[in-house]
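**Student:** As you go down the protein sequences, you meet chains A and B in turn.
Offset between the first sequence (1-based) and the numbering used here: plus 22.
Offset between the second sequence (1-based) and the numbering used here: plus 93.
Note that CB positions come from ideal geometry on N, CA and C, so glycine has one too.
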Amino acid sequence: MLLIPCPHCGNRPELEFRYAGEAHIARPADPSTTSDQEWAEYLYFRSNPKGLHIERWRHVSGCARFFNCVRDTVSDKILKTYPAGQPKPDLALIVKEAHQ
Amino acid sequence: MSLTLRATRSGRVDRTKPLSFTFDGKTYRGFKGDTLASALLANGVHLMGRSFKYHRPRGVITAGSDEPNALVSVGTGARHTPNLRAPQVELYDGLVAQSQNRWPSLSFDVGAINNLLSPLFVAGFYYKTFMWPNVAWKKLYEPIIRNAAGLGTASNEPDPDHYSTRFAHCDVLVIGSGPAGLSAALSAARTGARVILCDEQSEFGGSLLSELHATVDGKLAAQWVEEAVAELKGHSGTVTLLPRTQAFGYFAQNFVGLVERVTDHLAKPDPKLPRDRLWQVRAKEVVIAAGAHERPLVFPDNDRPGIMLADAARTYANRYGVRPGGRAVVATAHDSAYQAALDLKAAGVSIELIADLRHEANGPLPTAARAAGIRVETGMAITGSTGRLRVNAALVSKLGTDGEDAIPCDLILMCGGWTPSVHLFSQSRGKLKFDEARQVFIPGESVQAERSAGACKGSETLAQAFEDGFAAGMDAAAKAGFTKGTATKVKLAGVLDAHGGFLGAVPHPHDAGRVKAFVDYQNDVTAKDIKLATREGMRSIEHVKRYTTTGMATDQGKLSNMNALAIASEALGKPIPAVGLTTFRQPYTPISFGAMANHSRGDLFDPVRKTATHAWAEAQGAVFEDVGLWKRAWYFPKAGEDMHAAVLRECKTVRDSAGVFDASTLGKIEVVGPDAAEFMNILYTNPWSKLEVGRCRYGLMLNEAGFVIDDGVVGRIAEDRFHVTTTTGGAPRVLNHMEDYLQTEFPNLKVALTSTTEQYSVVAVQGPNARKIIAPLIEGIDISNEAMPHMSVRLGKICGVPTRLFRMSFTGELGFEVNVPADYGQAIWEAIWAEAQKYDACAYGTETMHVLRAEKGYIIVGQETDGTVTPNDLGLDWAIGKAKPDFVGKRSLTRPDLVKADRKQLVGLLTVDPQKVLEEGAQITLVGNPPAGTSALGHVTSSYQSAVLGRSFALAIVSAGRARMGETLYVPMPDGPIAVTVTDPVFYDKEGAKLHV
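1) Which residues mark the beginning and the end of the beta strand (DSSP E) in which Glu-387/B is found?
2) If we count the other Cβ atoms within 10 Å of its Cβ and call it buried at 16 or more, is Trp-225/B buried or exposed?
3) So with CB distances below 7 angstroms, who are the chain A contacts of Ala-345/B?
4) Whole angstroms are fine: how far does the CA of Ala-216/B sit from the CA of Ala-626/B?
5) Interface residues of chain A around Val-540/B at Cβ under 9 angstroms?
6) Is His-1089/B helix, strand or coil when you go by DSSP?
7) Write down the C-beta distance between Gly-908/B and Gly-889/B rounded to the nearest angstrom, noting that I regard them as a contact closer than 8 angstroms.
8) Would you be able to state if there are at least three C-beta pairs under 8 angstroms between the stretch 350 to 358 of chain B and the stretch 530 to 549 of chain B?
9) Inspect the beta-carbon positions of Asp-966/B and Arg-996/B and report whether they are closer than 9 angstroms.
10) How many Å lie between Thr-408/B and Pro-180/B at the Cα?
11) Along chain B, in chain order, which residues have C-beta atoms closer than 8 angstroms to that of Pro-109/A?
12) Out of Asp-202/B, Trp-196/B, Leu-177/B, point me to the one whose CA is closest to Ala-190/B's CA.
13) Is the distance from the Cβ of Phe-392/B to the Cβ of Ala-424/B below 9 angstroms?
14) Helix, strand or coil, according to DSSP, for Thr-837/B in the structure here?
15) For Phe-563/B, which three-state DSSP category applies?
16) Would you say Glu-797/B faces chain A, with C-beta separation under 9 angstroms as the test?
17) Short of 7 angstroms in beta carbon distance, which residues of its chain neighbour Glu-453/B, apart from the five on each side in sequence? Order them along the chain.
18) Go to Ile-459/B, then tell me how far its alpha helix (DSSP H) extends in each direction, as first and last residue.
19) Would you say Met-94/B faces chain A, with C-beta separation under 9 angstroms as the test?
20) Run the proximity test for Glu-538/B: is its beta-carbon closer than 8 angstroms to any non-hydrogen atom belonging to the ligand HEM?
21) Given a cut-off of 9 angstroms on the beta-carbon distance, is the pair Phe-39/A and Arg-80/A in contact?
22) So is Asn-829/B in contact with chain A if we call contact Cβ pairs under 9 angstroms?
23) Using a Cβ-Cβ cut-off of less than 8 angstroms, list which residues of the stretch 347 to 365 of chain B approach chain A; keep chain order.
24) What does a CB cutoff of less than 6 angstroms around Leu-53/B pick up in its chain, not counting 5 residues either side in sequence?
25) So if I threshold CB-CB distances at 9 angstroms, which residues from the stretch 52 to 65 of chain A count as touching chain B?
26) Is Trp-727/B helix, strand or coil by DSSP?
27) Label Leu-302/B either buried or exposed according to how many other C-beta atoms from any shown protein chain fall within 10 Å of its C-beta, with 16 as the threshold for buried.
28) Taking Cβ to Cβ, would you say Asp-1082/B is nearer than 9 angstroms to Gly-893/B?
29) What three-state label does DSSP hand Arg-122/B in the structure shown?
30) With distance defined between alpha-carbon atoms, name the residue in Ile-921/B, Ser-902/B, Ser-877/B, Met-884/B nearest to Pro-895/B.
31) Consult DSSP for Met-94/B and reduce its assignment to one of helix, strand or coil.
32) Spatial neighbours of Thr-1101/B within its chain, please: CB distance less than 7 angstroms, with the 5 preceding and 5 following residues excluded, ordered by chain position.
33) Identify whether Met-942/B lies in helix, strand or coil by the three-state DSSP scheme.
34) Roughly how many angstroms separate the alpha carbons of Met-94/B and Ile-444/B, rounded to a whole number?
35) Tell me the DSSP secondary structure of Lys-526/B in three-state form.
36) Looking only at C-alpha atoms, which of Val-138/B, Ala-573/B, Asp-394/B sits nearest to Glu-378/B?
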């Protein structure tokens, strides 16, 4: 069971959270101008990396906030969590910090 | 009962406390402190089971949890527990045990015919044989093969025991309590750190409990253990001691699962105690002191009862005071077997010969053995054995020769060396490394906050185990923040170092194709099976493992992995580290389903949610159904009524007079804020800005892909306040969906969302007399048709209690829904019920609710929809605000797939024969008997008998349904096709006049 560092509540067990899919999938500002292909990709295409994945979790049994998380899908290590609305972090920098 | 097989020294067994037990119906005597294995051996019983596939007679070969052969069933009735390892079964008075996988008896087992037919049962046989004809596999071969092999049988009765779980946190978790584990626990505890020490055995001490000669700081090993445990107990505020507790799994971030066997060793356990206790431990630091497993030698017929591991025999002698036989031959490639020979000789066993595979054996232990007069031959292999239900001779052969000598004996001890137990380290995802010099895998790079100590780390001496342990405990405590530890050293004496080891199959002069040299005892995998696998093209160890099933039994390859790997590596011509090991899986040894299911059984499986009127409904004799986690009254049968009759009566009464219904379970969400209307516009299809305060609207919610996911009536309480309702089952999902958009897509909107599902009780009053029923109770609201039209909401009081009164209908009759604070729910229900009696109104349940709404063509999300249905499919385009530039799902509604002409659309169906009631979910086709492979046009979504129509009716979704009005279609059923006519989905009061009275 993962120990997830909620940006608002600190380390809490995975039982308190709900996974919420890939992060930083921005809803197009004006969906009416997207092509069918672009819209289908927004709906259904998600990355499936072997390595760092930026994803969302929601602390349903705690603060109930959605937040973002960088997790390595191979080792299951969580490298960073940060509040919703903040920009995508520099992954290379995160990897470097983790090795120090 | 004679004690001829009991040694003079009784070890840890208390011979002042005799016990009686049965094995396969025969009564034996044992003592407190015995295991089932030690007591059986003391009674001269070696035959304890029959092997999985070949039904070969088998005896116990270990003294611990790595036992592959002596799998027994213990207990009777509901507590009959199969597949326990005899060395782990603690004896108590009255214990009932049975052997497994044999019929009619252990000594005469018909299944042994498998052994004669063994050429048919080589590895992977089911990929090559028993395949033709196709149908015979399911009906004939598989059942026979399944019955012919196997382990124990489980009880069919419900588990009468309960199980508990604890979450525990500590600074240092120490797994294993041998010399390394106890030292680690001591040095960590002395720093003041919180320590948990667990061991799968009933006593702490591990290998020290079999150690007779060594002294630790001048004390005998047993004495040192006693004092160490006493000291640990003294740290009662910070140290938790868990014997009988297996660490079965190492998970993420130092989350380790332990199972404590609380009552299995007790004859009459306190029923208040759980049988097993699951400990879910999050440790800051972990010390793994799991020890090492002794390895068998792979030689022909190495599995007869009476053949066991050398150190296991030493344990039976030293710890349990039992002589496992009278005359022993020892076959070894490691010095430790010489210590076993010396200890067994001291206990009264005659050692006929020590046959050492190595060309030279000159270490201190072989020297001591020779000095004690034991015959030692080097460069000698054990190449076979004889005896049927008990070994009666060992066959030995000088390496490089073909001659074989038979040495009569009733006990063969084998030692191929020691395999560090790296299971838990591997589960932690650490990387193993192969130690070339010692030919073992040991922990390499850690990825979690753990370290190994002692034999599991590859350390080979007792001195090293103590040193490792003290250092590991101190390091763990320091990393957890307890830095004031002091280094500890102990002074050892009386220990002779032991080295050596051999991997793979022992060379022999026989035809390799005709002999069985067992590698994996539990799954009956032989050396030739592994070679066969490589000949058949299995290159990866993963394929070799799965093709032969070596290492896949409940012992997870503890005794077999390294020998299997060595044989495969030689056959493939690749070095061992290049072939590699397979993944070590949790659990380390089997754990009970009870420990895992734990409290989640019966009434505690899921929370149960009840409404304020639940007790009233129960008293009225209501039958309940589950809707999500809620209990809802399904129907209220009167005396003599079945469900069918009750529902018809309830439906008729509602439409003729009135009915009262508890609608409290539907989700309610209060949406509040200056941007509330804008937020609602985004989340629903409807245009909310123009909805006046005090009016309601049927809200339709889509997901971003354009499919209906929820619906419900929404009332505008104020400019900035909406009372939103959802389906019962969908409430948490809808709120989550709303929060997702509010927090992450539109965080600038000033809106707050609050779940109020449990805060309001909702009493629905439906039927022509509905207004008359509530009128006397309402204050402060004009509920006339003119002042309060259909689909409006008013604030006022009912019986002095504040209410949000909705005029809305799910039945198609005049209707109101009274919302009151839930604490008043029961009282208000009873007040309304009292008024309703004046009109012979009834209470109705969810079944009637379903029928009445279906007669009006009102959909139920999850019944008419399945996540792939659009508003247009349902004929609900009117609910879409056409002028809205954007809402969740809007863009998808114009995707090509969502505007296809042949999409399934909501229609009504009337069976041509009005007596026939269609089955929900039944498929609809163009012709009555379509050929196999024909796709259905759609399916029946709701189907009922209608009181008001006097016949059956149904709703369905059918391809291009709206263009098929009046067409005849078919519903094929096992008894024959049912003809149906496609109709409008509204069967009653199409104009809606009844709603506006």
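**Tutor:** Reading off the structure:
1) Along the second sequence, one-based indexing puts residue 387/B at 294. It spans 385 to 387 - the beta strand (DSSP E) in which Glu-387/B sits, taken as one unbroken run.
2) Translated into positions along the second sequence, residue 225/B becomes position 132. That one is exposed.
3) Locating residue 345/B in the second sequence gives position 252, where the first residue counts as 1. Within 7 angstroms of the CB of Ala-345/B, the CB atoms of chain A belong to Met-23, Leu-24, Asp-98, in sequence order along the chain.
4) Position 533 of the second sequence, counted from the first residue, corresponds to residue 626/B. Position 123 of the second sequence, counted from the first residue, corresponds to residue 216/B. Whole-angstrom Cα-Cα distance: 7 angstroms.
5) Along the second sequence, one-based indexing puts residue 540/B at 447. Near Val-540/B (Cβ distances below 9 angstroms), the residues of chain A are Ser-97, Lys-99.
6) Here the question's residue 1089/B lines up with position 996 in the second sequence. Here His-1089/B carries a helix assignment [DSSP, helix/strand/coil].
7) By one-based count along the second sequence, residue 908/B stands at place 815. By one-based count along the second sequence, residue 889/B stands at place 796. Your pair Gly-908/B and Gly-889/B does not check out as a contact, with CB atoms roughly 17 angstroms apart and the cut at 8 angstroms.
8) Too few Cβ pairs lie closer than 8 angstroms, so no.
9) The count along the second sequence starts at 1 and reaches residue 966/B at position 873. The count along the second sequence starts at 1 and reaches residue 996/B at position 903. Remark: C-beta atoms of Asp-966/B and Arg-996/B approach each other more closely than 9 angstroms.
10) On the second sequence, residue 408/B is found 315 positions in, with the first residue counted as 1. On the second sequence, residue 180/B is found 87 positions in, with the first residue counted as 1. Cα to Cα, the separation comes out at about 11 angstroms.
11) Translated into positions along the first sequence, residue 109/A becomes position 87. What Pro-109/A touches in chain B, judged by beta-carbon distance under 8 angstroms, is nothing: the nearest beta carbon there is about 13 angstroms away.
12) Within the second sequence, residue 190/B is the residue found at index 97, counting from 1. With distances taken between CA atoms, Ala-190/B lies nearest to Leu-177/B out of Asp-202/B, Trp-196/B, Leu-177/B.
13) As a first step, residue 392/B must be located in the second sequence, where it is residue number 299. As a first step, residue 424/B must be located in the second sequence, where it is residue number 331. The answer is yes: Cβ separation under 9 angstroms.
14) Residue mapping note: residue 837/B aligns to position 744 of the second sequence, counting from 1. Thr-837/B falls in the helix class under three-state DSSP.
15) For the purposes of this step, residue 563/B is taken as the residue at position 470 of the second sequence. Helix at Phe-563/B.
16) Position 704 of the second sequence holds residue 797/B. Yes, Glu-797/B counts as interfacial toward chain A.
17) Numbered from 1 along the second sequence, position 360 holds the residue referred to as residue 453/B. The answer, listed in chain order, is Thr-471.
18) As a working mapping, residue 459/B is identified with position 366 in the second sequence. The displayed chain sequence assigns Pro, not Ile, to residue 459/B. Per DSSP, Pro-459/B belongs to the alpha helix (DSSP H) from 457 to 464.
19) The count along the second sequence starts at 1 and reaches residue 94/B at position 1. Its pLDDT being 41, under 50, Met-94/B is placed unreliably in this model, and the value from its coordinates should be taken loosely. No - not a single Cβ of chain A is within 9 angstroms of the one on Met-94/B.
20) Inclusion of the ligand HEM in the displayed structure is not the case, the ligand content being empty and no account of it being possible.
21) The residue labelled residue 39/A in the question sits at position 17 within the first sequence. The residue labelled residue 80/A in the question sits at position 58 within the first sequence. Taking 9 angstroms as the Cβ cut-off, Phe-39/A and Arg-80/A qualify as a contacting pair.
22) Your numbering for residue 829/B matches position 736 in the second sequence. Closer than 9 angstroms to some Cβ of chain A, the Cβ of Asn-829/B qualifies, so yes.
23) Against chain A - using a Cβ distance shorter than 8 angstroms - the residues of the stretch 347 to 365 of chain B are Phe-348.
24) No answer is possible for residue 53/B: it lies beyond the span of chain B, which begins at 94 and ends at 1090.
25) For the stretch 52 to 65 of chain A, the set of positions with a beta-carbon nearer than 9 angstroms to some beta-carbon of chain B reads Asp-52, Pro-53, Ser-54, Thr-56, Asp-58, Trp-61, Ala-62, Tyr-64, Leu-65 in chain order.
26) The residue you call residue 727/B lines up with position 634 of the second sequence. Here Trp-727/B sits in strand by DSSP.
27) The residue you call residue 302/B lines up with position 209 of the second sequence. With 16 or more other Cβ atoms within 10 Å, it is buried.
28) In the second sequence, residue 1082/B corresponds to position 989, counting from 1. In the second sequence, residue 893/B corresponds to position 800, counting from 1. No Cβ-Cβ contact shorter than 9 angstroms links Asp-1082/B with Gly-893/B.
29) Translated into positions along the second sequence, residue 122/B becomes position 29. Three-state DSSP puts Arg-122/B in a strand.
30) As a first step, residue 895/B must be located in the second sequence, where it is residue number 802. Relative to Pro-895/B, the option among Ile-921/B, Ser-902/B, Ser-877/B, Met-884/B whose CA is nearest is Ile-921/B.
31) For the purposes of this step, residue 94/B is identified with residue 1 of the second sequence, where counting begins at 1. Here Met-94/B scores only 41 on pLDDT, less than 50, and its place in the model is too uncertain to base an answer on.
32) Nothing can be reported for residue 1101/B: it is not among the residues displayed for chain B, which extend from 94 to 1090.
33) Counting from one through the second sequence, the residue named residue 942/B turns up at place 849. Three-state DSSP puts Met-942/B in a helix.
34) For the purposes of this step, residue 94/B is taken as residue 1 along the second sequence, with counting starting at 1. For the purposes of this step, residue 444/B is taken as residue 351 along the second sequence, with counting starting at 1. At Met-94/B, the pLDDT of 41 sits below 50, so the modelled position is not reliable; the number obtained from the coordinates is stated separately. Distance from the CA of Met-94/B to the CA of Ile-444/B, rounded to the nearest whole angstrom, comes to 26 angstroms.
35) Locating residue 526/B in the second sequence gives position 433, where the first residue counts as 1. The answer is strand: DSSP assigns Lys-526/B an E or B state.
36) Residue numbering aside, residue 378/B sits at position 285 when the second sequence is read from its first letter. A check of alpha carbon separations from Glu-378/B across Val-138/B, Ala-573/B, Asp-394/B identifies Ala-573/B as the nearest.
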